[in-house]
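In this text, residue positions in the sequence shown follow full-length UniProt numbering: the first is 1, and each later residue adds one. Note that CB positions come from ideal geometry on N, CA and C, so glycine has one too. Since the model is a prediction, treat every value here as computed from it, not as a measurement. Scroll down for the structure; my scribbles are underneath it.
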Amino acid sequence: MSQSIGACPVCDTSDPGWGKKDLKRHILLKHPSTHLCMFCLDDKGWSDVFPSQGAYNEHYRNIHTGIIENNAKRRKESNKRQKVIQCFKCTLIFMEVHERERHMFTVHNFDQCKLCFLMGPSSHIRFHIVECHSDKLCYLCCGNSPIFESSQNLLSHLQKCHEIIINNLHANLSCIECSSSEVSDFKSHLISKHKVTLPLELRQMRKRAPNRKQQLDDFSIREVTGLKNENGSDCFAFSVLQLLTRTDLFERLSSLSYSNKCSKHTFETCQAAPCIILNFLISYLKKRTFFPNNLINNYYSFGLYSLPVDVGDFLRLVLGSFNTEKDREIVHNYPLSERQIEAERSSNKAFQLSLE
Numbered sequence: 001m002s003q004s005i006g007a008c009p010v011c012d013t014s015d016p017g018w019g020k021k022d023l024k025r026h027i028l029l030k031h032p033s034t035h036l037c038m039f040c041l042d043d044k045g046w047s048d049v050f051p052s053q054g055a056y057n058e059h060y061r062n063i064h065t066g067i068i069e070n071n072a073k074r075r076k077e078s079n080k081r082q083k084v085i086q087c088f089k090c091t092l093i094f095m096e097v098h099e100r101e102r103h104m105f106t107v108h109n110f111d112q113c114k115l116c117f118l119m120g121p122s123s124h125i126r127f128h129i130v131e132c133h134s135d136k137l138c139y140l141c142c143g144n145s146p147i148f149e150s151s152q153n154l155l156s157h158l159q160k161c162h163e164i165i166i167n168n169l170h171a172n173l174s175c176i177e178c179s180s181s182e183v184s185d186f187k188s189h190l191i192s193k194h195k196v197t198l199p200l201e202l203r204q205m206r207k208r209a210p211n212r213k214q215q216l217d218d219f220s221i222r223e224v225t226g227l228k229n230e231n232g233s234d235c236f237a238f239s240v241l242q243l244l245t246r247t248d249l250f251e252r253l254s255s256l257s258y259s260n261k262c263s264k265h266t267f268e269t270c271q272a273a274p275c276i277i278l279n280f281l282i283s284y285l286k287k288r289t290f291f292p293n294n295l296i297n298n299y300y301s302f303g304l305y306s307l308p309v310d311v312g313d314f315l316r317l318v319l320g321s322f323n324t325e326k327d328r329e330i331v332h333n334y335p336l337s338e339r340q341i342e343a344e345r346s347s348n349k350a351f352q353l354s355l356e
């Protein structure tokens, strides 16, 4: 029940059961042309009657300046506290939607469809790609897949990068989840063997990019500038490079002054693994759009001699290529958890590239 309040300051009408809201309703209905202060009514239960709008405006400036902004700020903070952004799979709570999405990708093996901007478990995304985008996206690369202009380009990618057998311009689909080859009905296989249920567990992703100035643990997320993936044949390498750009590896390698070990001329073309990575990061942080030829053409510098390779395995090869005593310390203290690496291994992506 509303707290009892005094009479109307205009006509002295009163009611024992009136509260502040009842009094304001009476004033608005019975005295719409009268200049009263509703803020004073809220605060004190009564208000002076002002002779003009100008007199009321002066009263507001002197007594109540900023009250509307402060009330709006309090409501916004209250709504934010009440809004719970919880993980779809576990009990973790997040402050921002994009933090939850990053958690779903790195911890719960989620993937995305870059055409529909949907996210979901990797097996559900593979089902969705085969069902809706079988001529545009690679179901094995999933979120890291280039967008192919034709089905012929996609078939060429499957044959070259994933060693899929092509018969009569048709790919014999294989399952990366269980290493089954030549699955006759891929969607039925996912439903029967990998417990994919219909309707698919897909959710719309947040379309506005997160603030890149925010911190993730003890290292910064840098702005993604885009890499030019010309033929779509090095998806695993692009996934690893993208992951490295979101860490402080550039500062760690720069502090070791790798460039001082080579002349200025030879550093840019040096085939030693640390120089290749540092050279890539230098170009990347300059916000260039480019294809990292020095890395793509020198996989052997990282101990890789045959393709295709798992993303997680290539990530370990890259980190393991820093083999001096100080380099081992970098790898040992490197801010990549085993969980992140395993997420890379199982889903063939953890962080997405902006491919141009």
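Residue range of the beta strand (DSSP E) that includes residue i
i	result
Leu118	118-121
Whole-angstrom C-beta distance between residue j and residue i, which should lie under 8 Å
i	j	result
Gln204	Leu307	Not confirmed; about 35 Å, so no contact.
Leu36	Val49	6 Å
Lys187	Glu131	6 Å
Ile147	Leu155	Contact doesn't hold; Cβ gap of about 15 Å is too wide.
Arg126	Cys141	Not confirmed; about 10 Å, so no contact.
His26	Thr34	Not confirmed; about 11 Å, so no contact.
Extent of the continuous alpha helix (DSSP H) to which residue i belongs
i	result
Phe39	38-44
Asp313	311-320
Gln271	Here Gln271 belongs to no alpha helix (DSSP H), and DSSP marks it neither H nor E.
Asp22	20-30
Cys235	235-245
Phe186	186-193
Phe110	Taken as a continuous stretch (DSSP letters only), Phe110 belongs to no alpha helix (DSSP H), being part of the beta strand (DSSP E) at 110-113.
Ala55	53-63
Leu158	151-162
residue 379	Any answer about residue 379 is impossible in this case: the structure gives the chain only from 1 up to 356.
Ile296	293-296
Contact set for residue i: own chain, Cβ-Cβ below 7 Å, skip 5 residues either direction
i	result
Gln215	Bear in mind that a pLDDT of 40 at Gln215, under 50, signals an unreliable position, so the number given afterwards is only what the model happens to contain. So the list is empty, once near-sequence residues are dropped.
Leu317	Phe302, Gly303, Leu304
Gln38	The identity of residue 38 in the sequence shown is Met, whereas the question assumes Gln. The answer, listed in chain order, is Lys24.
Ile296	Asp234, Ala237
residue 363	The requested residue 363 is not part of the displayed model; the chain covers only 1 to 356.
Phe314	Phe236, Ala237, Val240, Leu304
Asn298	Gln271, Ile276
Asp42	Lys20
Ile68	none
Sequence-distant residues of its chain with Cβ nearer than 6 Å to residue i (five each side left out)
i	result
Ser133	Checking the sequence, you will find His at residue 133 rather than Ser. The residues are Leu115.
Lys151	Reading off the sequence, residue 151 comes out as Ser, not Lys. If we look at Ser151 and ignore the five residues flanking it on each side, its Cβ neighbours are Asp135.
Lys195	none
His31	Val10
His64	Phe39
Residue environment, residue i, which counts as buried when at least 16 other CB atoms sit within 10 Å
i	result
Asn144	buried
residue 435	Any property of residue 435 remains undetermined from this structure, which presents the chain solely from 1 to 356.
Tyr300	exposed
Asp111	buried
Met104	buried
Ile166	exposed
Ser239	buried
Ser52	exposed
Gly17	exposed
Ala237	buried
residue 357	This structure cannot speak to residue 357, because the chain is shown only from 1 to 356.
Cys8	buried
Ser192	exposed
Ser78	exposed
Arg61	exposed
Leu319	buried
Ser47	buried
Cys106	Note that residue 106 corresponds to Thr in the displayed sequence, not to Cys. So Thr106 counts as buried.
Gly66	exposed
Cys178	exposed
Asn293	exposed
Asn279	buried
Own chain residues within Cβ distance below 8 Å of residue i, not counting five before or after
i	result
Glu201	Gly120, Pro121, His124
Ile85	Ile93, Phe94, Met95, Glu96, Val97, Glu99, Arg100
Lys286	none
His128	Cys113, Cys116, Leu118, Gly120, Leu200, Leu202
Leu281	Leu244, Thr245, Leu249, Phe250, Leu253
Arg206	Val97, His98, Glu101
Run through the stretch 70-112 for me and flag every whole alpha helix (DSSP H) of 4 or more residues, listed as ranges in chain order.
Considered as a whole, the stretch 70-112 harbours 97-107 as its complete alpha helix (DSSP H) runs of no fewer than 4 residues, in chain order.
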